[in-house]
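The structure appears below as structure tokens.
Chains as they are written, first to last, in this note's numbering: chain A, 230 to 343; chain B, 33 to 146.
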């Protein structure tokens with residue numbers, strides 16, 4: 230079975246640009262999560278979807294971050310406009326709600342904002 | 033206050049030694065615990081979960097849960113250099129709340145020296 234796929238693996242953006250990160254969850258999974266990972270803040274939840282419905286939208290990230298789940302097999306995270314403090318690794322994870330709730334993570338997208 | 037706290041922040045053990053990682057929750061709603069491991073450049077991957085009081089052993093890894101004190105530990109015996117990674121403790125609410133959300137600690141960096 231294919232795991233969680235994230236593209237691109239690396240992204241370099243100028244301050245003020247709009248970037249879109251993509252995620253394909255494990256087939257059949259109905260929960261999808263976006264996280265931001267930094268050394269200082271650790272893993273921070275950005276958004277949580279269940280069966281394409283938004284369950285939780287990380288309060289601190291609402292203004293410039295927008296995650297969407299266009300169908301059960303594809304999600305995007307848009308950051309608009311980007312700021313240097315957005316430099317981090319963005320992780321996507323999925324899980325099957327009627328199982329153990331184990332989350333399967335993708336390899337992440339490393340974003341650098343200049 | 034961080035709801036899931038891990039200690040130590042970093043740990044170094046010799047190859048073949050025992051590594052012990054600790055995690056404490058401050059939220060009594062958390063009933064289910066996971067240990068995740070993240071190698072550099074990859075996403076976190078679940079190692080094991082524990083829901084019941086006592087020990088759970090999987091190969092060289094043993095998790096221990098004390099629900100009364102909300103303390104969970106992970107012990108790695110015969111540590112190998114490939115075990116060098118960032119280890120996360122994660123917790124979730126009782127399954128009856130029907131949420132797939134996990135709350136992660138800040139992690140413990142384990143270094144196994146050859």
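Ideal placement from N, C-alpha and C gives every residue a C-beta, glycine not left out.
By a beta-carbon distance limit of 8 Å, residue 240/A does not contact residue 320/A. Their separation comes to about 14 Å.
Between the C-alpha atoms of residue 250/A and residue 306/A there is a straight-line separation of about 5 Å.
Residue state for residue 289/A is assigned as helix, using DSSP reduced to three classes. Relative to the Cα of residue 231/A, the nearest Cα in the group 300/A, 333/A, 342/A and 337/A belongs to 333/A. Chain-ordered, the chain A residues with CB closer than 7 Å to the CB of residue 75/B read 320, 334, 335, 336 and 337.
Taking the CA atoms as reference points, residue 47/B sits about 15 Å from residue 141/B.
Contact check for residue 248/A and residue 308/A: beta-carbon distance about 5 Å, within the 8 Å limit, so the pair qualifies. Neighbourhood of residue 287/A in chain B, by CB distance below 8 Å: empty, with the nearest CB roughly 11 Å away. Using beta-carbon distances, residue 262/A counts as an interface residue toward chain B, with a partner under 9 Å.
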